[in-house]
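Presented below is the structure to which this report refers.
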Amino acid sequence: MKSSVNSALENREYEIAVIGGGHAGCEAALASARLGFKTVMFTVSMASIAMMPCNPSIGGTSKGHLVKEIDALGGEMGKVIDRSFIQSKVLNRSKGPAVRSLRAQADKEKYAALMRRTLQEQENLSIVQTEITDLLTKDGKIIGCRSISGMTYHVKSVIICAGTYLKSRCVYGEVSLETGPNGLMAANHLSESLISLGAPLRRFKTGTPARISKGSIDFSKMEEQYGDTPVEPFSFTTDKAAIQREQGLCWLTYTNERTHTLIRDNLHRSPLFSGMIEGTGPRYCPSIEDKIVKFPDKTRHQVFIEPEGEDTDEMYIGGMSSSLPEDVQIEMYRSVPGLENAHIVRNAYAIEYDCIDARWLRPSLEAKTVKGLFCAGQINGSSGYEEAAAQGLVAGINAALSLKGKEPLILDRSTAYIGVLIDDLVTKDNREPYRMMTSRAEYRLLLRQDNADLRLTDMGYEVGLIDEERHNKLLEKRRLMETEIARLKEVKITPNKKTQEFLEAHNSPLLKTGVFLSELLTRQDLSYDLLADLDPERKALPEDVVEEVEISLKYAGYIERQKKQVEDFRKLESKRIPEEINYNEITNLRLEARQKLEKFRPANIGQASRISGVTPADISVLIIFMKKYGSERDKEH
Ligand SMILES: Cc1cc2nc3c(=O)[nH]c(=O)nc-3n(C[C@H](O)[C@H](O)[C@H](O)COP(=O)(O)OP(=O)(O)OC[C@H]3O[C@@H](n4cnc5c(N)ncnc54)[C@H](O)[C@@H]3O)c2cc1C
8 MKSSVNSALE NREYEIAVIG GGHAGCEAAL ASARLGFKTV MFTVSMASIA MMPCNPSIGG
68 TSKGHLVKEI DALGGEMGKV IDRSFIQSKV LNRSKGPAVR SLRAQADKEK YAALMRRTLQ
128 EQENLSIVQT EITDLLTKDG KIIGCRSISG MTYHVKSVII CAGTYLKSRC VYGEVSLETG
188 PNGLMAANHL SESLISLGAP LRRFKTGTPA RISKGSIDFS KMEEQYGDTP VEPFSFTTDK
248 AAIQREQGLC WLTYTNERTH TLIRDNLHRS PLFSGMIEGT GPRYCPSIED KIVKFPDKTR
308 HQVFIEPEGE DTDEMYIGGM SSSLPEDVQI EMYRSVPGLE NAHIVRNAYA IEYDCIDARW
368 LRPSLEAKTV KGLFCAGQIN GSSGYEEAAA QGLVAGINAA LSLKGKEPLI LDRSTAYIGV
428 LIDDLVTKDN REPYRMMTSR AEYRLLLRQD NADLRLTDMG YEVGLIDEER HNKLLEKRRL
488 METEIARLKE VKITPNKKTQ EFLEAHNSPL LKTGVFLSEL LTRQDLSYDL LADLDPERKA
548 LPEDVVEEVE ISLKYAGYIE RQKKQVEDFR KLESKRIPEE INYNEITNLR LEARQKLEKF
608 RPANIGQASR ISGVTPADIS VLIIFMKKYG SERDKEH
């Protein structure tokens, strides 16, 4: 959008501009400001800062891992949810450590208020409520952005975290509103500017359920859902004792045949099925209409009733997002046990919005064709607060590192869920909103939530987001852990009377010969705490160290095997592909592979092997060519 330039409308105060105050924008802005750069964060509405337009929770399977990793790197989300949760529990506690994941019900308003205050108190950071309409470039490099008022902000780097606001449209029944979530203003101009820079745009959609007033719900017809005691914190810096509190409740009820029939009878009025919605929705977060159509034999679907906050009576109806007309919504919700007299405060709706095909970005989240321009969050085709925050943090770090002339922080698939997330976004053809899941992480036994600090806090320290004191605590944790593992591998247990009685008492097989304590700990029926009876020399260790020692020894075999797989993976990842390579010169490469590689220009062989349509045979051809190419180039120099 061209507006007449007036010198008074020239701002040169900032170095980095973050477009968006959502979960991605908050982490990006805090990271770049904390790394010393004068940062401005734009948002179309202050009310959208750290807003949760959908489920009132942070974490859950694999998403809890992302939050732990954000915290381990020096991000903010974990700290804020530890101070604004209503209920908290570890999911999959009975399963293996790889899938154990923390999930907390959030007080949405409190979460947003705490994050807003953190932003407002952050040195080097300013917030401006305005809509950014244009991106300004010169010679393939970002030089600034312009707002709807014509104010030009001259900056060295821009991070776009525009979420679900670009040309957003909210739809339910025949109602179609050109607004962002919760009726906030949409951002209707930036898409054109992105297109003019060559960004491939897509139209995605997501949806949310109605909010129902608590007073109109009959909880006696539902199952109460409790939090864990004690509560586990998300942040490695949170004092666990300090956050123990009385927790709120959630409730579980179910849809039934009456609900399903009602929906089936009105599918023709659903914008999803009438074609009114063009955007593609998330397979793993389907609307109730989608569920009824996709799983016709299911007689009931779970419905979780969750508080939106402690100072509001609005309840979130989890599992029933929809875009059906209002009259159908009223009947649909009232067909659910406990909701017979439901008073709908906010209708369910679907939202569609512009986002980019993130294969336009490097693994650093920088645009391949515009230096200094980064994208993070829902705009990259992901879905979820945690996925957005993770990308925002990485983009904020990399914008700062790039201005410092340093190599970007690239987390690969064997290092972090964040690495899996970003690699999948910038390498794969994601035709629907991408949601993180443990099944996406091939090395998930190594990427547990409990060891996120051991995997990432050194990197957070190196980039400058983790301070000395916190880093020393991590080094001490690692030292205690390694010392104890080494000790347990040296303490010999003999099959004497005391040992055999202990094993008998715990229904564990008796010993025939002497073993080391570390070997006993691999037994599923024995734990580190239990073995204290056979280990009088042991010193008291912090809970988190004990957890690491136990998991490292109990799953030692699996962990070793996965580490071997990672070695092979890293060999391919380390084979960088020269930027200037011309795939069309590689004549014995199949045409489809040549076209795909030329279009997406992967950074290394590992990434090339994950591009759909590129076969292992193509990869061998490419590796041979690179060897020849490398040696010829060496001859030239
Ligand atoms: C109705 C709805 C339902 C959802 N359902 C789910 C779900 O079921 N499961 C799930 O995982 N996720 C869901 N989400 C997605 C979740 O909300 C997002 O993943 C998350 O909020 C994305 O964070 P973000 O930071 O990328 O963007 P957002 O939180 O959307 O924030 C974007 C920010 O950018 C600002 N902005 C945008 N354009 C401009 C501009 N041009 N100038 C200035 N500021 C701008 C906005 O003001 C806002 O501050 C849903 C979202 C919505 C809206």
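Numbering (the numbering used here), first residue to last: 8 to 644.
No residue lacks a Cβ here, since even glycine has one placed at the ideal position from N, Cα and C.
Residue i beta carbon near ligand 1 (any heavy atom closer than 7 Å)
i, result
"ALA104", "Residue identity check: residue 104 is Pro in the sequence provided, not Ala. No; taking the cut-off as 7 Å, the Cβ of PRO104 has no heavy atom of ligand 1 nearer than that."
"ASN62", "yes"
"GLU138", "yes"
"TYR233", "no"
"PHE49", "yes"
"MET122", "no"
"ILE358", "yes"
"THR171", "yes"
"LEU524", "no"
Rounded separation between residue i and residue j - CA only
i, j, result
"LEU410", "SER164", "8 Å"
"SER11", "GLY157", "For SER11, the predicted model reports a pLDDT of 48, less than 50, meaning its position is unreliable; a value from the coordinates is still stated below. Approximately 7 Å, taken between the alpha carbons."
"ARG568", "ASP141", "50 Å"
"ARG90", "LEU109", "15 Å"
"VAL522", "LYS561", "15 Å"
"ARG341", "GLN309", "15 Å"
"GLY646", "GLU394", "For the chain, the structure presents residues 8 to 644; residue 646 sits outside this window and is missing."
"ASN18", "VAL51", "18 Å"
"ILE65", "TYR160", "34 Å"
"THR376", "ALA610", "14 Å"
"GLU34", "ALA397", "8 Å"
"GLU185", "GLY316", "27 Å"
"ASN595", "LEU579", "21 Å"
"ASN503", "TYR233", "44 Å"
"GLY27", "LEU533", "50 Å"
"GLY187", "MET84", "23 Å"
"MET8", "ALA194", "For MET8, the predicted structure reports a pLDDT of 43, less than 50, and the residue's modelled location is therefore unreliable. A value from the coordinates is still provided. Computed Cα separation, rounded: 12 Å."
"ILE167", "MET48", "10 Å"
"GLU373", "GLY205", "14 Å"
"ASN273", "VAL335", "7 Å"
"PRO332", "MET229", "26 Å"
"GLY170", "MET53", "15 Å"
"LEU604", "ALA406", "26 Å"
"VAL427", "TRP367", "17 Å"
"VAL343", "LYS301", "20 Å"
Check whether residue i and residue j have beta carbons under 8 Å apart
i, j, result
"PHE632", "ILE618", "no"
"GLN572", "TYR450", "yes"
"LEU400", "ALA24", "no"
"GLU321", "ARG218", "yes"
"PHE576", "ARG420", "yes"
"SER220", "HIS350", "yes"
"GLU555", "MET488", "yes"
"ILE149", "GLY379", "yes"
"ALA57", "ILE88", "no"
"LEU481", "LEU524", "no"
"PRO60", "ASN189", "yes"
"LEU197", "LEU173", "yes"
Among the options, nearest to residue i - alpha-carbon criterion
i, options, result
"ALA120", "ASP318, ARG545, ILE630, GLY620", "ASP318"
"GLU726", "GLU20, GLY255, LYS212", "Shown here, the chain extends from 8 to 644; a query on residue 726 therefore has no answer."
"ARG153", "THR171, LEU201, TYR172, ASN354", "LEU201"
"LYS484", "THR137, PRO549, GLU373", "PRO549"
"ILE299", "MET122, ILE270, PRO278, ASN595", "ILE270"
"PRO440", "ARG210, ARG276, LEU416", "ARG210"
"TYR179", "GLY282, GLY27, THR506", "GLY282"
"ARG4", "GLY67, PHE49, ILE26, ALA402", "Nothing can be reported for residue 4, as the shown portion of the chain is limited to 8 through 644."
"ARG601", "VAL106, ASP625, PHE226", "ASP625"
"TYR1", "VAL343, ARG447, ARG369", "Since the first residue of the chain shown is 8 and the last is 644, residue 1 is not available in this structure."
"ALA355", "ILE492, LYS86, GLU181", "GLU181"
"TYR565", "ALA105, VAL97, GLY426", "ALA105"
"GLU347", "SER227, THR529, HIS196", "SER227"
"GLY558", "THR529, THR125, ARG252, PRO543", "The sequence as given places Ile at residue 558; Gly does not occur at that position. Of the listed residues, the one whose Cα sits closest to ILE558 is THR529."
"GLY214", "ALA459, LEU279, ARG252, VAL553", "LEU279"
- Query: Does the stretch 289-300 come close enough to the stretch 319-331 to have 3 or more Cβ pairs within less than 8 Å?
  - Reply: As far as the Cβ criterion goes, the stretch 289-300 touches the stretch 319-331, which means the pair count is three or higher.
- Item | Inter-stretch contact at 8 Å, needing at least 3 Cβ pairs: the stretch 260-272 / the stretch 96-109 | no
- Task: Could you tell me whether the stretch 77-84 touches the stretch 239-246, using the rule of 3 or more Cβ pairs below 8 Å?
- Result: yes
- Query: Would you call the stretch 354-371 and the stretch 127-135 in contact, with 3 or more CB pairs under 8 Å?
  - Reply: no
- Can you find at least 3 beta carbon pairs, one from the stretch 381-396 and one from the stretch 424-436, that sit closer than 8 Å? yes
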